[in-house]
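Scroll down for the structure; my scribbles are underneath it.
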Amino acid sequence: MLEVGDGSAFASAAHLAAYAGIAPVTHRSGTSIRGEHPARSGNRKLKRALFLSAFAALHDTASRTYYDRKRAEGKKHNAAPICLARRRCDVLYAMLKNHEPYRSPAVTAA
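Read in order, the letters of the sequence shown correspond to residues 2 to 111 in the numbering used here.
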């Protein structure tokens with residue numbers, strides 16, 4: 002939280018994700034677009050905290066479901082936690098913006 006402050010420096014959750022270094026980076030040169038990969042830049046402390054919290058969150062049912070869904074979409078084992086870290090970054094931004102504590106989503110029976 003010390004790395005982010007009150008979140009007012011970021012216009013959106015995407016800006017926070019880019020600052021943390023978990024937003025994808027696209028290589029472009031002229032008409033050549035060579036795909037996306039995780040950024041190597043960003044705030045290393047925040048990136049590490051989000052990544053480790055994503056691994057710890059795999060014990061949570063909602064987070065595990067999201068991880069499994071990303072794996073089913075074809076994401077590799079090391080890419081799916083990055084997706085989960087991005088999702089947690091979006092939640093962090095919403096909590097800071099709305100000045101509300103985290104509320105776990107209601108689990109619905111399927």
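Every residue gets a Cβ at the ideal spot worked out from N, C-alpha and C, and that includes glycine.
Remember, predicted model here, so these are calculated numbers, not experimental data.
Taking buried to mean at least 16 other C-beta atoms within 10 Å of its own C-beta, is residue i buried or exposed?
i: R35; result: exposed
i: F1; result: This structure gives no information on residue 1, because the portion of the chain shown stretches from 2 to 111.
i: A73; result: exposed
With C-beta atoms as the reference, is residue i less than 9 Å away from residue j?
i: R88; j: A24; result: no
i: C90; j: L51; result: yes
i: L47; j: V5; result: yes
Assuming residue i is part of the alpha helix (DSSP H), what are its boundary residues?
i: P106; result: It is not in any alpha helix (DSSP H) - P106 carries neither H nor E in the DSSP assignment.
i: T27; result: That residue, T27, is in no alpha helix (DSSP H); its beta strand (DSSP E) goes 25 to 30.
i: L51; result: 45 to 57
i: A12; result: Unbroken run through A12: none, as it is neither H nor E.
i: A73; result: 62 to 73
i: A95; result: 81 to 99
For residue i, which residues from the same chain have a beta carbon less than 7 Å from its beta carbon, with the 5 sequence-adjacent residues on both sides left out?
i: V26; result: E37, H38, A40
i: A21; result: G43, N44, L47, K48, L51, C90
Could you pull out every residue in the same chain whose Cβ sits closer than 8 Å to the Cβ of residue i, ignoring the five residues on either side in sequence?
i: Y103; result: V92, M96
i: F56; result: P82
Is the segment 61 to 68 touching the segment 92 to 101 in the sense that three or more CB pairs, one from each, lie closer than 8 Å? no
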